[in-house]
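Here the sequence shown stands for residues 26 to 436, numbered as in our numbering. Using N, Cα and C, we set each Cβ at its ideal position, and we do this for glycine too. Remember, it's a predicted structure, so these values are computed and weren't measured experimentally.
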Amino acid sequence: MTARLAPAALLVIAAAIAAAYLGAPPIAAALGAVAGIAAILVALGGHGEAEPSAPAGPAAADDLSGAVVDAIAEPVMIVAGGRIAHANQGARTLLGAHIVGEDVRLAIRHPAAAESLSRATPPDPSEIIALTGIGARDARWVMRVSPLAGARQLIHLIDRTGSHAAEKMRVDFVANASHELRTPLAAILGFVETLGDDKAGGDATTRKRFLKVMQDEAQRMQRLVDDLMSLSRIEAEKHRAPDTPVDLATLIAETHNVILANGGARAKDVRIALQGESPAIAGDRAQLSQLLHNLVGNAMKYGQAGTPVTVRLARDGESMVRLSVSDEGEGIAPEHLPRLTERFYRVEASRSRALGGTGLGLAIVKHIVERHRGRLDIASVQGQGTTISILLPVTPEPLSSKSHGNVTQGV
Ligand code: ADP
């Protein structure tokens with residue numbers, strides 16, 4: 026059986042494929058794809074410039090239309106006389122196996138869909154009909170209706186839930202980042218204004234006090250900007266797997282030395298526990314160092330003063346290495362655990378800010394772990410403490426063992 030596609034249909038399909046490959050906006054690509062599917066079906070239905078000798082009759086064309094629709098993963102239906110004549114697997118999974126033969130408005134059961142499908146003139150294929158809540162409460166779909174041969178219609182439901190969530194995340198992120206920057210900026214501007222006043226600015230003690238607050242607020246902004254830049258750099262590289270051999274034991278020892286050199290009340294509480302041979306991993310040294318500083322920094326901040334912060338490194342089965350940081354602090358209530366790696370999510374915002382936190386530390390850790398094809402695990406018992414573990418894949422060839430600086434073995 027042969028069915029030739031009209032040149033116009035081929036053009037539309039080519040445009041759809043080009044749009045998908047050239048990174049056109051998802052809606053444009055989806056529109057192209059729907060137009061492409063409809064064009065194939067119109068051509069198969071005999072309305073294109075079919076080869077004169079082509080034997081494909083209406084029944085054969087129907088078979089082919091069904092086969093094309095079945096080959097598409099997203100929900101697609103062919104409607105004839107207002108009823109569903111054919112529904113692919115995606116449509117049957119979403120709307121129920123019973124929909125074939127049903128009135129399309131009852132099958133989709135959405136006011137916006139029913140309204141557009143009840144119009145005297147069918148919707149234009151370029152019209153975006155947004156449907157919320159089909160299949161799941163938060164689900165977002167776009168419905169497109171394209172005319173087919175024989176007064177039939179092709180209905181295509183495009184899942185926009187993921188891109189909608191991503192867009193919301195982006196908008197929330199910009200709003201949160203602006204808010205986080207605005208607070209210290211407002212404080213700095215306020216103090217600059219006060220210092221500009223001869224009375225307040227003339228007094229040396231007041232000036233010194235105000236300048237100290239301004240310095241603290243400026244440093245807070247700097248930490249925030251540094252973390253935002255780290256996050257965007259890590260995200261930009263997320264599809265490029267790191268490939269430099271990294272000896273984690275040496276990296277832990279270096280991090281420990283930096284923490285000791287920086288001083289600070291909690292530096293002396295950090296213990297290192299290495300178990301067995303130092304496993305080699307393919308990693309990004311700078312990012313793994315940042316990960317360690319963030320985790321140990323949190324354990325020092327949120328752990329009880331004077332209690333140990335323990336960094337452990339051990340093999341986990343044949344192919345993984347487990348790096349964990351434990352503290353003896355108040356712990357985290359279970360309802361917070363799934364959200365801790367969200368940007369700007371804090372259990373107690375005022376405490377985090379007072380301790381110099383940006384709310385981005387664990388989000389950075391999560392992205393670094395993802396880039397290293399690893400796994401992040403947070404375990405916490407309220408009143409006892411928290412352990413954050415990172416599982417990373419080990420490279421097959423172990424690195425030769427190196428000196429580990431002032432590492433204490435077997436804590
Ligand atoms: P922050 O800069 O606020 O520390 P993070 O992203 O590093 O931001 O952590 C997010 C939140 O998770 C923190 O504000 C804190 O509430 C909680 N948290 C992180 N690590 C620990 C820990 N070791 N113990 C208790 N709470 C923690």
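Grab me the residues of residue i's own chain with a C-beta within less than 7 Å of its C-beta, minus the 5 sequence neighbours each way, in chain order.
{"i": "Lys-391", "result": "Thr-366 and Leu-401"}
{"i": "Phe-216", "result": "Phe-235, Val-238 and Met-239"}
{"i": "Gly-126", "result": "Arg-108 and Ile-109"}
{"i": "Leu-206", "result": "Met-246 and Leu-249"}
{"i": "Ala-388", "result": "Leu-256, Thr-366, Glu-367 and Arg-368"}
{"i": "Asn-323", "result": "Gly-386"}
Leaving out the 5 sequence neighbours to the left and right, which residues in its chain are closer than 6 Å to residue i when beta-carbon positions are compared?
{"i": "Pro-209", "result": "Glu-242, Arg-245 and Met-246"}
{"i": "Leu-417", "result": "Ile-306, Val-346, His-397 and Gly-399"}
{"i": "Thr-186", "result": "Ala-164 and Arg-165"}
{"i": "Ile-439", "result": "Nothing can be reported for residue 439, as the shown portion of the chain is limited to 26 through 436."}
{"i": "Asp-268", "result": "Ala-307"}
{"i": "Met-168", "result": "Ala-138, Ile-154, Leu-156 and Leu-182"}
On a CA-only basis, which of the options is nearest residue i? Give me that one, please.
{"i": "Gly-107", "options": "Ser-303, Arg-130 and Trp-166", "result": "Arg-130"}
{"i": "Leu-249", "options": "Gln-114, Pro-418, Asn-201 and Glu-152", "result": "Asn-201"}
{"i": "Tyr-327", "options": "Ala-286, Ser-351 and Ile-103", "result": "Ser-351"}
{"i": "Ala-311", "options": "Leu-156, Pro-270, Ser-377 and Gly-382", "result": "Pro-270"}
{"i": "Gly-381", "options": "Arg-195, Asp-252, Leu-362 and Ser-314", "result": "Asp-252"}
{"i": "Val-336", "options": "Asp-294, Ala-286 and Ala-176", "result": "Asp-294"}
{"i": "Ser-303", "options": "Met-325, Gln-315 and Pro-421", "result": "Pro-421"}
{"i": "Gly-115", "options": "Ala-105, Asp-128, Val-93 and His-135", "result": "Val-93"}
{"i": "Val-419", "options": "Ile-97, Ser-344 and Gln-409", "result": "Ser-344"}
Which residues in the same chain as residue i place their Cβ atom closer than 8 Å to its Cβ, once the five residues preceding and following it in sequence are excluded?
{"i": "Leu-119", "result": "Pro-100, Ile-159, Gly-160 and Leu-182"}
{"i": "Val-432", "result": "Legend: pLDDT at Val-432 = 37, less than 50; position of this residue unreliable, value from coordinates given subsequently. Counting only Cβ-Cβ distances below 8 Å, and skipping sequence neighbours, we find Ala-274, Ile-277, Ala-278, His-281, Ile-297 and Leu-299."}
{"i": "Gly-342", "result": "none"}
{"i": "Gly-301", "result": "Ala-339 and Arg-340"}
{"i": "Gln-407", "result": "Glu-355, Gly-356, Ile-357 and Ala-358"}
{"i": "Glu-260", "result": "His-392"}
{"i": "Gly-91", "result": "Ile-103 and His-111"}
{"i": "His-189", "result": "Arg-165"}
Nearer than 8 Å: is that true of the beta carbon of residue i relative to any heavy atom of the ligand ADP?
{"i": "Gly-375", "result": "Strictly speaking, residue 375 in this sequence is Ser, with Gly absent from that position. For the ligand ADP, not one heavy atom lies less than 8 Å from the Cβ of Ser-375."}
{"i": "Ile-213", "result": "no"}
{"i": "Val-372", "result": "yes"}
{"i": "Ala-324", "result": "yes"}
{"i": "Leu-316", "result": "no"}
{"i": "Leu-411", "result": "Checking the sequence shown, residue 411 turns out to be Thr, not Leu. At least one heavy atom of the ligand ADP is nearer than 8 Å to the Cβ of Thr-411, so yes."}
{"i": "Asp-352", "result": "yes"}
{"i": "Thr-335", "result": "no"}
{"i": "His-361", "result": "yes"}
{"i": "Leu-380", "result": "yes"}
{"i": "His-161", "result": "Reading off the sequence shown, one finds Ala at residue 161, where the question assumed His. For the ligand ADP, not one heavy atom lies less than 8 Å from the Cβ of Ala-161."}
Just checking: is the beta-carbon of residue i within a distance shorter than 9 Å of some beta-carbon in chain D?
{"i": "Ser-143", "result": "Among the chains of the structure shown, chain D does not appear; only one protein chain is present."}
* 3-residue-minimum beta strand (DSSP E) runs that sit fully inside the region 207-249, ordered along the chain -> Runs found: none.
* **Whole alpha helix (DSSP H) elements within the region 117-141, 4-residue minimum** => If only uninterrupted alpha helix (DSSP H) runs of at least 4 residues are considered, those enclosed by the region 117-141 are 129-133.
* Counting only runs of 3+ residues fully inside the region 139-209, write out the beta strand (DSSP E) ranges in chain order. => Note on the region 139-209: whole beta strand (DSSP E) runs with a minimum of 3 residues are 154-157, 165-173 and 177-184, in chain order.
* Asked: Counting only runs that start and end within the region 351-389, where is the alpha helix (DSSP H) found for 4 or more residues in a row?
  -> Annotation note: the region 351-389 contains the following uninterrupted alpha helix (DSSP H) runs of length 4 or greater, listed N- to C-terminal: 374-379.
* To do: Could I get the ranges of all uninterrupted beta strand (DSSP E) runs contained in the region 265-332, with 3 residues as the minimum, in chain order?
  => Complete beta strand (DSSP E) runs here, min 3: 269-272, 295-299 and 305-308.
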